[in-house]
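Peer 1: First the structure, then my questions, so here it is.
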Amino acid sequence: MIEAYGSLYWFYILGLATVPAIVLGLLGKRLRSYTRVATVVMVVLMLGWATGQLWWLLGFLVFELALVKGWLRYRVGHPHVNPWIARLVAAGATAPLVVVKAANLFPTLSIGFLGVSYLSFRVIAVVLEITDGLIKELPLADLTFFVIFFPTLASGPIDRLRRFQQDADRVWTREEYVYLLGRGTSLVLLGAVYKFVLAAWFTTQLDWAVGWPRTLAYMYLYTGRLFFDFAGYSAMAVGTSYVFGIRTPPNFRLPFAAESIKDFWNRWHISLSFWFRDYLYTRLTMFLMRTRIFKAHRVAAGRTALIVNMTLMGAWHGFALHYLLYGLYHGLLLAGNDWYERKCPLYAHRHHLAYRLIAIAVTFQLVVFGFLLFSGHILAS
Amino acid sequence: MDEAQELAVLRLLVEVCGTDAIDQERDVDLFDAGLLDSLGFTHLLVGLEDDLGIRVPPTAVERDEVSTVNRILTFVSERL
């Protein structure tokens with residue numbers, strides 16, 4: 314078992330695995346077949362023979378792929394589906410993730426495998442797009458390699474099938490591939506500096522931050538570590554994808570320059586927050602807007618959905634209290650943000666430089682406090 | 012698209028964006044201007060279905076396709 318982007322050994326193996334991809338790419342040849350071979354080998358190395366995780370992954374894939382293929386066949390034959398059948402299928406696709414998260418509450422139970430959340434998110438999105446009639450045919454091999462594509466297996470980013478497929482099927486010209494290779498390599502280097510230099514430094518500083526007022530210091534240091542660790546991982550995962558010809562979408566876009574909490578969620582863990590936006594929030598809001606209670610209060614429906622959406626996003630990290638509080642906190646902030654933008658006259662000044670600087674500072678404080686909740690540090694001490 | 016339908020779309024947009032200033036500048040990017048966000052986008056989809064009978068699944072539409080008043084009008088007229 315090798316930790317993805319975690320050790321020199323991993324980079325040595327990854328380096329070897331990229332050589333054929335780079336040669337093919339520079340010759341202007343199709344990368345798809347080799348990428349699939351490399352994915353199988355790398356997934357086996359990442360999960361390890363001895364841990365049992367490979368079997369969990371195989372079981373997961375058999376279940377989910379059968380569900381997706383069955384649903385696609387049913388959906389193509391039925392132009393109008395009963396919404397409750399569609400919801401049942403979506404719940405079925407989500408079930409393995411819920412079982413694994415629930416089992417995490419019992420430390421002696423060891424089920425699941427690396428990346429089960431991210432693989433589940435990809436499958437659930439496919440199920441919903443089949444429901445919407447956006448996916449009409451889907452070869453099993455294409456689906457499988459989208460779900461287990463190794464550079465993003467461990468922790469995302471969460472790509473979308475239709476976008477991924479366009480890149481996977483494409484034959485890049487030599488010039489295009491040179492660009493992908495350059496961009497991919499620089500992202501891997503940037504990510505390595507983030508993770509192994511900056512995140513490592515923040516980690517060494519965390520130890521002394523015990524007790525009030527050190528909690529305050531902990532809050533900023535923890536935020537620094539969290540950002541550089543995950544943004545570093547993400548940049549390396551995206552960069553590696555590029556080398557294999559897949560332009561995986563980025564996860565971070567200067568999150569601490571956000572001018573509001575809403576803006577923050579367009580910049581932080583983007584592939585996850587957009588996943589929640591497109592596959593949960595929008596659908597829940599549309600559902601609520603049509604219920605009797607919310608019919609005349611569409612804005613209230615949207616705010617309620619924001620709170621539910623973010624609380625579920627918190628719960629996804631784990632069913633511990635501090636994750637739920639973190640989600641609820643961001644849900645309330647987003648609902649408040651929406652009220653502020655609609656009702657508060659101050660918002661009219663949003664283009665002034667002074668307003669923007671203050672907004673960035675306030676947003677940053679709200680965000681770091683959220684991460685303090687997320688860390689579980691307050692509840693533990 | 013006839014005049015009544017165009018008016019229905021504009022009325023919906025006033026409700027969604029919370030301002031009637033949208034009618035004057037029809038090529039302003041509503042997302043950049045802070046007039047349209049995820050809630051507004053969803054509100055728009057629900058309104059299009061309930062008021063005009065156009066059903067669009069949320070992931071079938073890119074935000075670029077509905078980012079200005081004129082683009083929304085084009086988007087609607089293509090689907091009526």
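So the protein sequences, as listed, match chains B and Z. 694 is the number that our numbering gives the last residue of the first sequence; the numbers go up by one with no jumps. 91 is the number that our numbering gives the last residue of the second sequence; the numbers go up by one with no jumps. Every residue, glycine too, gets a C-beta built ideally from N, C-alpha and C. Everything numeric in this text was worked out from a predicted model, so none of it was measured.
(1) Ordered along the chain, which non-local residues of its own chain (more than five positions away) have a Cβ less than 7 Å from that of Tyr-347(B)?
(2) List the residues of chain Z that Thr-595(B) touches, going by C-beta distances under 9 Å, in chain order.
(3) Would the beta-carbon of Arg-560(B) fall within 8 Å of that of Ala-571(B)?
(4) Taking 8 Å as the cut-off, does the region 366 to 386 of chain B touch the region 433 to 445 of chain B (at least 3 CB pairs, one atom from each stretch)?
(5) Taking one C-beta from the region 19 to 28 of chain Z and one from the region 51 to 59 of chain Z each time, how about it: are there three or more such pairs within less than 8 Å?
(6) Can you find at least 3 beta carbon pairs, one from the region 505 to 512 of chain B and one from the region 540 to 560 of chain B, that sit closer than 8 Å?
(7) What does the alpha-carbon distance come out to for the pair Thr-676(B) and His-664(B)?
(8) Ignoring anything shorter than 4 residues, give me the alpha helix (DSSP H) runs that lie fully in the region 480 to 564 of chain B, in order along the chain.
(9) Suppose the cutoff is 6 Å on Cβ atoms and the five residues either side in sequence are ignored; what does the same chain contact list for Ser-88(Z) look like?
(10) Return the CA-CA distance between Val-510(B) and Ser-584(B), expressed in angstroms with no decimal places.
(11) I'd like to know if Gly-108(Z) contacts chain B, where contact means its C-beta is closer than 8 Å to some C-beta of that chain.
(12) I need the straight-line Cα distance from Leu-453(B) to Leu-378(B), nearest angstrom please.
(13) If the cut is a Cβ gap below 7 Å, which residues of chain Z does Leu-447(B) touch?
(14) CB Ile-461(B) to CB Val-356(B), shorter than 8 Å?
(15) What is the DSSP secondary structure of Tyr-318(B), reduced to helix, strand or coil?
(16) Which residue wins for smallest C-alpha separation from Val-80(Z), given the options Asp-62(Z), Gly-64(Z) and Leu-46(Z)?
(17) Exposed or buried, Ser-295(B), counting other C-beta atoms within 10 Å across all chains shown (16 or more means buried)?
(18) Across the region 638 to 648 of chain B and the region 601 to 619 of chain B, are there enough close Cβ pairs to call them in contact, namely three or more that are closer than 8 Å?
(19) For His-635(B), report the span of its alpha helix (DSSP H) as first-last.
(20) Anything in chain B within Cβ reach of Gly-45(Z), meaning under 7 Å, just list it in chain order.
(21) Identify the contact partners of Gly-615(B) in chain Z, using a Cβ-Cβ distance below 7 Å as the criterion.
(22) What three-state label does DSSP hand Val-356(B) in the structure shown?
(23) I think Thr-624(B) touches Leu-597(B), with their Cβ atoms under 8 Å apart; what is that distance to the nearest whole Å?
(24) Judging by CA-CA distance, which residue of Leu-59(Z), Thr-85(Z) and Leu-91(Z) is the nearest neighbour of Arg-37(Z)?
(25) If we cut at 8 Å on Cβ distances, does Arg-343(B) have a partner in chain D?
(26) Going along chain Z, which residues have a C-beta under 7 Å from Met-602(B)?
(27) Taking the alpha carbon of Leu-339(B) as the point to measure from, which residue in Val-412(B), Glu-654(B) and Leu-494(B) has its own alpha carbon closest?
(28) Kindly list, in the order they appear in chain Z, the residues whose Cβ is closer than 8 Å to that of Met-599(B).
(29) Listing by chain order, which chain Z residues have their CB less than 8 Å from the CB of Asp-591(B)?
(30) With a Cβ-Cβ cutoff of 8 Å, do Thr-352(B) and Phe-463(B) count as a contact?
Peer 2: Result, derived from the coordinates:
(1) Pro-333, Ala-334 and Leu-337
(2) Ser-49, Phe-52, Thr-53, Leu-56, Pro-69 and Thr-70
(3) no
(4) yes
(5) yes
(6) yes
(7) 16 Å
(8) 487 to 505, 513 to 519 and 527 to 556
(9) Met-12
(10) 25 Å
(11) An answer regarding residue 108(Z) cannot be provided, because it is not within the stretch 12 to 91 covered by chain Z.
(12) 8 Å
(13) Pro-68, Thr-70 and Ala-71
(14) yes
(15) coil
(16) Leu-46(Z)
(17) A query on residue 295(B) cannot be resolved here, the shown segment of chain B reaching from 314 to 694 and no further.
(18) yes
(19) 634 to 656
(20) Glu-654 and Arg-663
(21) Leu-50, Thr-53 and His-54
(22) helix
(23) So it is not a contact: roughly 12 Å between Cβ atoms.
(24) Thr-85(Z)
(25) Among the protein chains of the structure shown, namely B and Z, there is no chain D.
(26) Val-57
(27) Leu-494(B)
(28) Thr-53, Leu-56, Val-57 and Pro-69
(29) Pro-69 and Thr-70
(30) yes
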